[in-house]
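Chemist:
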Amino acid sequence: MIALPEWNFAQAIGMVAFAIGATAFLHSDGRRFRLHLMLFQLVLCSHFVMMGALVAAFGCGIRAIRSYASTKTQSTGVMLFFIAMLWIMGLPQLEYSYELLTIFGSSVATWALFKTQGIQMRLLVMFNSFCWVTNNLLLGSIGGSLMELTFIIVNSLTIVRMYRAQRRASV
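Everything in the sequence shown is counted per our numbering, starting at 118 for the first residue and increasing by one.
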């Protein structure tokens, strides 16, 4: 039998992060969407700090800054800086092997945000969400798990819409 995670202040902050992240999808403006996601990642970072999950916390903090930076530049050097920071700050904090998923997934998503677009970018970002939802489920993060599952669902629907639009345009 699987034990349910304990409900505490850290879980409450995770649910606040979930609400912030879920409402980010209401923005049609890409810049506001990214800034809203940055706020979500900062709140989720505090949730992970309270849960003692430092690899996830560092990852969220770096992702927040990366989300902002990717609105300003597509520089390979900036991209490599963020990927290096994920590994340099994350590896020393590893306690469980599954935490590597957050570092690897965030590295893939960073590359995607800086170097791809369209359906390819969405698929790579979805891969990152699968890495994070696995980590969050194993960690017992309710809000983090709900948020990544929401990202997977919304991203899947968006990919289907984009694919259909491409097919209609090529006919």
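Glycine included, each C-beta is placed from N, C-alpha and C at the ideal position.
Roughly how many angstroms lie between the CA atoms of residue 168 and residue 262, to the nearest whole one?
Modeler: In the sequence shown, counting from the first residue as 1, residue 168 sits at position 51. In the sequence shown, counting from the first residue as 1, residue 262 sits at position 145. When rounded, the distance between both Cα atoms is 14 angstroms.
Chemist: Using the Cα positions of residue 275 and residue 223, report the straight-line distance between them to the nearest angstrom.
Modeler: On the sequence shown, residue 275 is found 158 positions in, with the first residue counted as 1. On the sequence shown, residue 223 is found 106 positions in, with the first residue counted as 1. Roughly 20 angstroms separates the two Cα atoms.
Chemist: Count the CB pairs spanning the stretch 252-272 and the stretch 125-144 that are closer than 8 angstroms, and state whether there are at least three.
Modeler: The stretch 252-272 vs the stretch 125-144: in contact.
Chemist: Where do the N-terminal and C-terminal ends of the alpha helix (DSSP H) with residue 265 fall, by residue?
Modeler: Numbered from its first residue, the sequence shown carries residue 265 at position 148. Segment 259-287, the alpha helix (DSSP H) holding residue 265.
Chemist: Three-state secondary structure (DSSP) at residue 170?
Modeler: In the sequence shown, residue 170 corresponds to position 53, counting from 1. The answer is coil: DSSP assigns residue 170 none of H, G, I, E or B.
Chemist: Can you tell me where the alpha helix (DSSP H) holding residue 249 begins and where it ends?
Modeler: In the sequence shown, residue 249 corresponds to position 132, counting from 1. Start and end: 235-256.
Chemist: Do residue 245 and residue 226 count as a contact pair if the criterion is CB distance below 7 angstroms?
Modeler: Within the sequence shown, the letter at position 109 stands for residue 226. Within the sequence shown, the letter at position 128 stands for residue 245. Yes, the Cβ-Cβ distance between residue 226 and residue 245 is below 7 angstroms.
Chemist: Taking just the CA atoms, how far does residue 166 sit from residue 237?
Modeler: One-based indexing of the sequence shown puts residue 237 at position 120. One-based indexing of the sequence shown puts residue 166 at position 49. Taking the straight line joining both Cα atoms gives about 32 angstroms.
Chemist: Classify residue 212: buried if its beta carbon has 16 or more other beta carbons within 10 angstroms, exposed otherwise.
Modeler: On the sequence shown, residue 212 is found 95 positions in, with the first residue counted as 1. The residue is exposed, with fewer than 16 neighbouring Cβ atoms inside 10 Å.
Chemist: Could you give the residue range of the alpha helix (DSSP H) that holds residue 218?
Modeler: Locating residue 218 in the sequence shown gives position 101, counting from the first residue. Its alpha helix (DSSP H) spans residues 217-232.
Chemist: Go ahead and label residue 229 buried or exposed: buried means 16 or more other beta carbons lie within 10 angstroms of its beta carbon, across all protein chains shown.
Modeler: Sequence index remark: in the sequence shown, residue 229 carries index 112 (1-based). When all chains shown are included, residue 229 counts as buried.
Chemist: Are the CB atoms of residue 187 and residue 231 nearer to each other than 7 angstroms?
Modeler: To locate residue 187, count along the sequence shown from 1; it is residue 70. To locate residue 231, count along the sequence shown from 1; it is residue 114. Against a cut-off of 7 angstroms, the Cβ pair of residue 231 and residue 187 comes out as a contact.
Chemist: Quick check on residue 185: does DSSP put it in helix, strand or coil?
Modeler: Taking the first residue of the sequence shown as 1, we reach residue 185 at position 68. Reduced to three states, the DSSP call for residue 185 is helix.
Chemist: In this structure, does DSSP put residue 192 in helix, strand or coil?
Modeler: Walking along the sequence shown from the start, residue 192 turns up at place 75. Residue 192: coil per DSSP, three-state reduction.
Chemist: Please name the residue, chosen from 149, 177, 175, 171, that lies closest to residue 189 on a Cα-to-Cα basis.
Modeler: The sequence position of residue 189 within the sequence shown is 72, counting from 1. The shortest Cα separation from residue 189 among 149, 177, 175, 171 belongs to 149.
Chemist: Would you mind working out which of 255, 264, 256 sits nearest residue 243, comparing C-alpha positions?
Modeler: Taking the sequence shown and counting its residues from 1, one reaches residue 243 at position 126. Out of 255, 264, 256, 264 has the C-alpha closest to the C-alpha of residue 243.
Chemist: By Cβ distance, which residues of its chain are closer than 6 angstroms to residue 159, with the 5 residues on each side in sequence left out?
Modeler: In the sequence shown, the residue the question calls residue 159 occupies position 42. Same-chain partners within the cutoff: 181.
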